[in-house]
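Q: 26 is the number of the first residue of the sequence shown in my numbering; add one for each residue after it.
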Amino acid sequence: MPASFPPRWHTRTHPSPACPDARERLLVVAVRKLPPTRKSVSGVWEQPREVVLSGDPAFSHSLTGKWQARWVPSHHRSDYGTFRLATGKLYSDRDLDKGLQTSEDLKFYAISSRFKPFSNEGRPLVIQYTVKHEQRIDCGGGYVKIFPSSLDQKNMSGESPYYVMFGPDICSSDTKKVHAILNYKNKFHPIKKPIRCIVDGFTHLYTLVLNPDHTYKVKIDNRVVASGFLEEDWDLLPPRTIDDPAVEKPEDWEEEEEVDDPEDQKPEGEWRPRKIPNPKYKGAWPHPQIANPEYEPDVNLSVYKDIGVLGLDLWQVRSGTIFDNFLITDDEDYAEDFGEEMWRETQEAEQKMNQQQTEEEKRRKQRMAKKKERPQKKKPLGSAVQKDEL
């Protein structure tokens, strides 16, 4: 294990069709601590294992330590909010469901974790994690950023260059979207498709898959919510074709569906002529296309050769968001199994606990209401007289 890896971190391998060499099967994996009774995708683990961010699958080790040793807070600003390790009000297991939680309102946050650098050239890149907006967030980020290994972690800020930014962002009821921003030739390109995030107080699993064939997937809770081709859904390259500048629309081409009725007579006062269908309507003119001379294909649209840091760089009006189960790998199937194992059980338990708490709160209010409705007992007159006489 590299010397920079602190205590209580370990590595493990898993098979990957894209990487037959055993030492190259795993890019980066984050595995949360599991009890001996919980099964992993490859079977039952004999002892509890904790979070891992490592690129050396040939080494496996379990130690002890603190999470602060793995995560480096930025000091770029003196007023950054602080993260704490917390479970939240809803959980499956109070100890196992702990994650990084924002703890102060109206704050910027910046923290990151380093791992052995790698390149995703020629293989998929899968970024996955869970996030829970327990505070029913109304404005703030819940996304992660993937940085090159050259990042100065103690000086990380919103201006720090990154490779990928992915995850939910909320700002009032108008903005509840999933960011998927890719760095291409030092320019940041957001996805053009609108993807709505989920804000309900429960843990949700977010996954981004970038494939070498330039296809992609965005998943929420292991369900595909967006997919397609990088060239189509990001403005990474100039368009393949453009309008032919040598061809102009014919002068007699009618694109208006309706025209003023020539038989409609103008009355006194304000008047708008009646509309009738345009008998010469031909629809939108299809401008002839030609090959774009500025277009050049690029086989490395989403290749990042020095991936080495995962970070949280956020602003939150209302704190309380919990991040957990970070995973970066080259195996989409593994990520799906891992996510299903780590996320679904947690969310189902959260929903059950929330229902129990809601029902208990309802019963409590009913008891309070009945208590207020009860008529108060009046003291006997005799006792009051005796007291006055004394």
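Yeah, the Cβ is synthetic: ideal placement off N, Cα and C, and Gly gets one too.
These figures come from a predicted structure and were not determined experimentally.
Which of the three DSSP states is assigned to residue 286 in this structure?
A: Here residue 286 corresponds to residue number 261 of the sequence shown, with the count starting at 1. If DSSP states are grouped into helix, strand and coil, residue 286 belongs with coil.
Q: Taking the DSSP output, what are the residues bridged to residue 96?
A: Counting from 1 along the sequence shown, the entry for residue 96 is found at position 71. The partner list for residue 96 (beta bridge, DSSP) reads 138.
Q: What's the gap between the Cα of residue 396 and the Cα of residue 385?
A: Working through the sequence shown from its first residue, we reach residue 396 at position 371. Working through the sequence shown from its first residue, we reach residue 385 at position 360. Those two C-alpha atoms are separated by around 16 Å.
Q: So, for residue 278: in the same chain, excluding its five sequence neighbours on each side, which residues have a beta-carbon less than 7 Å away from its beta-carbon?
A: Indexing the sequence shown from 1 puts residue 278 at position 253. Excluding positions up to five away in sequence, the list reads 307 and 310.
Q: So residue 154 and residue 351 are supposed to be a Cβ contact under 8 Å. How far apart are they, rounded?
A: Numbered from its first residue, the sequence shown carries residue 154 at position 129. Numbered from its first residue, the sequence shown carries residue 351 at position 326. At roughly 5 Å, the Cβ-Cβ gap stays under 8 Å, so residue 154 and residue 351 are in contact.
Q: Using the Cα positions of residue 399 and residue 390, report the straight-line distance between them to the nearest angstrom.
A: Sequence index remark: in the sequence shown, residue 399 carries index 374 (1-based). Sequence index remark: in the sequence shown, residue 390 carries index 365 (1-based). Residue 399 and residue 390: Cα-Cα distance of roughly 15 Å.
Q: Rounded to the nearest angstrom, how far is the Cβ of residue 348 from that of residue 124, given a contact under 8 Å?
A: Position 323 of the sequence shown, counting from 1, holds the residue named residue 348. Position 99 of the sequence shown, counting from 1, holds the residue named residue 124. Indeed, because the Cβ distance is near 5 Å, the residues count as touching under 8 Å.
Q: Give, in chain order, every unbroken run of the beta strand (DSSP E) that is at least 3 residues long and sits entirely within the region 167 to 250.
A: Qualifying beta strand (DSSP E) stretches, in chain order: 169 to 173, 189 to 196, 200 to 209, 212 to 215, 228 to 235 and 240 to 245.
Q: Is DSSP giving residue 107 helix, strand or coil here?
A: On the sequence shown, residue 107 is found 82 positions in, with the first residue counted as 1. The answer is coil: DSSP assigns residue 107 none of H, G, I, E or B.
Q: Which stretch, first to last residue, makes up the beta strand (DSSP E) that contains residue 350?
A: Translated into the one-based positions of the sequence shown, residue 350 becomes position 325. Here the beta strand (DSSP E) through residue 350 covers 346 to 354.
Q: Let me make sure I understand the geometry here. Which of 339, 376, 222 and 146 has the alpha-carbon closest to that of residue 102?
A: Position 77 of the sequence shown, counted from the start, is the residue given in the question as residue 102. Of the candidates 339, 376, 222 and 146, the one whose C-alpha sits nearest the C-alpha of residue 102 is 339.
Q: Grouping DSSP H, G and I as helix and E and B as strand, with all else coil, what is residue 153?
A: Here residue 153 corresponds to residue number 128 of the sequence shown, with the count starting at 1. It is a strand residue.
Q: Which one of 97, 300, 158 and 135 has the shortest CA to CA distance from residue 111?
A: The sequence position of residue 111 within the sequence shown is 86, counting from 1. When only C-alpha atoms are compared, the closest one is 158.
Q: For residue 282 and residue 303, I'd like the C-alpha separation in whole angstroms.
A: As a first step, residue 282 is located in the sequence shown; it is residue number 257 there, counting from the start. As a first step, residue 303 is located in the sequence shown; it is residue number 278 there, counting from the start. Computed Cα separation, rounded: 5 Å.
Q: For residue 359, which three-state DSSP category applies?
A: In the sequence shown, counting from the first residue as 1, residue 359 sits at position 334. Looking at residue 359 - three-state DSSP - the assignment turns out to be helix.
Q: Which of the three DSSP states, helix, strand or coil, is assigned to residue 336?
A: Your numbering for residue 336 matches position 311 in the sequence shown. In this structure, residue 336 counts as strand in the three-state DSSP scheme.
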